[in-house]
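Numbering (the numbering used here), first residue to last: 2 to 643.
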């Protein structure tokens, strides 16, 4: 039988209570009684979750461990609070403090007949919220670094720009609040609508003193805060930075014009850059160097003009001296050409012989380095200067050699195509023809590898064929067909094809026959190809597919580095499979636990731990061992803990 009672009253001993917002209130809570069950004596306790704050509801709870479920609870509250709310059949008392004065709370517990079971008393001292002020519109300012010659971003507040601030409660306040902002006289408030955001403005660098007070919807003061906002960057700095950046860009264009030999434009742009940024030492130093070089350039032009006049008058030796002076003052390809031309005119035959000899020496150097195309080019240039039968003969031999190299490249390309088509014998033949025309140590090594592969494939194919024969004699047609198919894939023979044609009329197979790689047969190139495929699968987290390919590569070309990597990948796979198996056992144990089969559940959890560690399962088993009847949440699978 259930009965329910409730009473709200203000005791006469506090006649002023009706006038105060938070008077001493005594409440007889809702009670649930069970006839026939006597109330047990209890030492009541009052529980409170969290720290009390002004303007935020405080919930007090009668401690279920010390207050019987059929007890009646009277709550007495003295302090400035909002009207009291009772919940959970009177076991919870909720109220909202309106200031920071202490609030005295008493809980009196008695049974249904009125007999006292004890009382508990506590004092709640609400606290105001801390209100922090943070800058939310801190845009990065891009300034020019004159030393590093690059734009850099600075996290600084600038004058003559709006600055948005925001008030934040500490700890967080979940209700609605309004804010009252004030700022010092040097700070202009652009926007303040009673919300948590404030927009301020400063015309000069300095500190802005800003303060804020917060209230809830009922007008209760929640807290306040203040902050000093440093505005350190004058807006004029940004303008100066932009001028310096543009000056450097102008200087870079001046350097580009100089490199393009447009010296007049380079000098003009350099002067503009220096005038715009007179304090930039890099521009000043660079422009001084440019002016010095420009002066040398003008001197070289004077020497060339003098040389032209001397040559026109027939003074070739003096003209050649002037040209060389111009080249010393300002070296250019054009000046070098003029000197060469004048030297040829002075002593044409001597220059021809000397030049032809130099070209032959250069061609011989290219010839020795097997750079035949360049050698031919220099031999032909030498012959154009001064013809020679020896040069013509050598050029003919080099051209013949180039033709042989072209044949070698063609044979090698055809051999590569045959190798891709699994025509090993054809590939060996073409590769061999290639090294006859053009010896190549690497290709010869590859041919030797292919011959070994060819011999191994033939032996393996013969062994598989014999296995198929033995299986066929035993009447195991399907397995025999598989061996014949594998024999054909390793090395195609007429005998294997004949057996395949016979057996495919009566049986079929649904698995892919093994290939040469499955028997560790292949070249280094095959091993590298398999390793690359495995790497791609590994990067896509497909370890189950990658591991067999790594093993095939390792079987073809054993090496310690790949072996260590394969062992690592397989260890990861082993751990993943163990984790999956352990998680399956945990889920099975959870199902038993939910069905009330505790012994079976514990057995599953122990099996899971034996397969793979799981801290949550270990903790659950430990709790269960200390408190066999304790109920709690089932452990989560490893890798999915909250």
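Don't be surprised by glycine CBs; every beta carbon is placed ideally from N, CA and C.
Whole-number beta carbon distance between residue j and residue i, since they are thought to touch under 8 Å
i           : j           : result
residue 425 : residue 455 : 5 Å
residue 1   : residue 324 : Past the boundaries of the shown model lies residue 1; the chain is included only from 2 to 643, so the question cannot be answered.
residue 92  : residue 74  : 7 Å
residue 132 : residue 234 : Actually they are not in contact, since the Cβ atoms of residue 132 and residue 234 sit about 27 Å apart, beyond 8 Å.
residue 383 : residue 364 : 6 Å
residue 507 : residue 478 : 6 Å
residue 553 : residue 574 : That pair is no contact at about 16 Å.
residue 160 : residue 204 : 6 Å
As assigned by DSSP and simplified to three states, the class of residue i
i           : result
residue 201 : strand
residue 76  : strand
residue 84  : coil
residue 207 : strand
residue 98  : strand
residue 304 : helix
residue 266 : helix
residue 128 : strand
residue 463 : helix
residue 105 : strand
residue 39  : With a pLDDT of 44 at residue 39, under the threshold of 50, the modelled position of this residue cannot be trusted; read the value that follows with caution. Coil, per DSSP.
residue 506 : coil
residue 624 : helix
residue 162 : coil
residue 283 : helix
residue 498 : helix
residue 52  : coil
residue 453 : helix
residue 64  : coil
residue 447 : helix
residue 117 : strand
residue 599 : helix
residue 123 : strand
residue 147 : coil
residue 111 : strand
residue 296 : helix
residue 442 : helix
residue 290 : helix
residue 193 : coil
residue 331 : coil
residue 342 : helix
residue 481 : helix
residue 613 : coil
residue 475 : coil
residue 492 : coil
Sheet register partners of residue i (DSSP bridge)
i           : result
residue 155 : 142
residue 277 : Note: residue 277 sits in no beta bridge, so no partner.
residue 217 : 178
residue 654 : The shown model of the chain, from 2 to 643, leaves out residue 654, and the question about it has no answer.
residue 312 : Looking at the DSSP assignment, residue 312 forms no beta bridge with any residue, so it has no partner.
residue 133 : 169
residue 184 : 211
residue 47  : 63
is_contact[residue i, chain C] using C-beta, thresh 8 Å
i           : result
residue 176 : The chain labelled as chain C is not found in the depicted structure, where only one protein chain is given.
Of all the alpha helix (DSSP H) runs that stay within the bounds of the segment 348-435, which reach a length of 4 or more residues?
349-369, 373-386 and 390-421
What residue ranges within the segment 220-254 form continuous alpha helix (DSSP H) runs of no fewer than 4 residues, ordered along the chain?
none
Count the CB pairs spanning the segment 203-214 and the segment 123-131 that are closer than 8 Å, and state whether there are at least three.
no
Counting beta carbon pairs with one atom in the segment 581-599 and one in the segment 564-571, are three or more of them shorter than 8 Å?
Contact fails between the segment 564-571 and the segment 581-599, because fewer than three Cβ pairs, one in each stretch, are under 8 Å apart.
Three Cβ pairs or more, each shorter than 8 Å: is that satisfied between the segment 143-152 and the segment 189-199?
no
Decide yes or no for the touch test of the segment 250-263 against the segment 212-231: beta carbon pairs closer than 8 Å, at least 3 of them.
Taking 8 Å as the limit for Cβ pairs, the verdict is that the segment 212-231 does not touch the segment 250-263.
Indicate whether the contact test is met: 3 or more Cβ pairs, each with one atom in the segment 163-174 and one in the segment 193-203, closer than 8 Å.
yes
With three or more beta-carbon pairs closer than 8 Å as the criterion, would you say the segment 543-558 touches the segment 505-514?
Too few Cβ pairs lie closer than 8 Å, so no.
Any alpha helix (DSSP H) of 4 or more consecutive residues that is wholly inside the segment 509-589:
525-540 and 544-557
When you compare the segment 45-54 with the segment 105-113, are there three or more beta-carbon pairs, one atom per stretch, that lie closer than 8 Å?
yes
Given 8 Å as the limit, is there contact between the segment 464-471 and the segment 484-495, that is, 3 or more CB pairs closer than that?
Remark: three or more beta-carbon pairs, one from each stretch, lie closer than 8 Å, so the segment 464-471 and the segment 484-495 are flagged as touching.
Could you tell me whether the segment 260-270 touches the segment 288-307, using the rule of 3 or more Cβ pairs below 8 Å?
yes
Taking 8 Å as the cut-off, does the segment 308-315 touch the segment 276-283 (at least 3 CB pairs, one atom from each stretch)?
no
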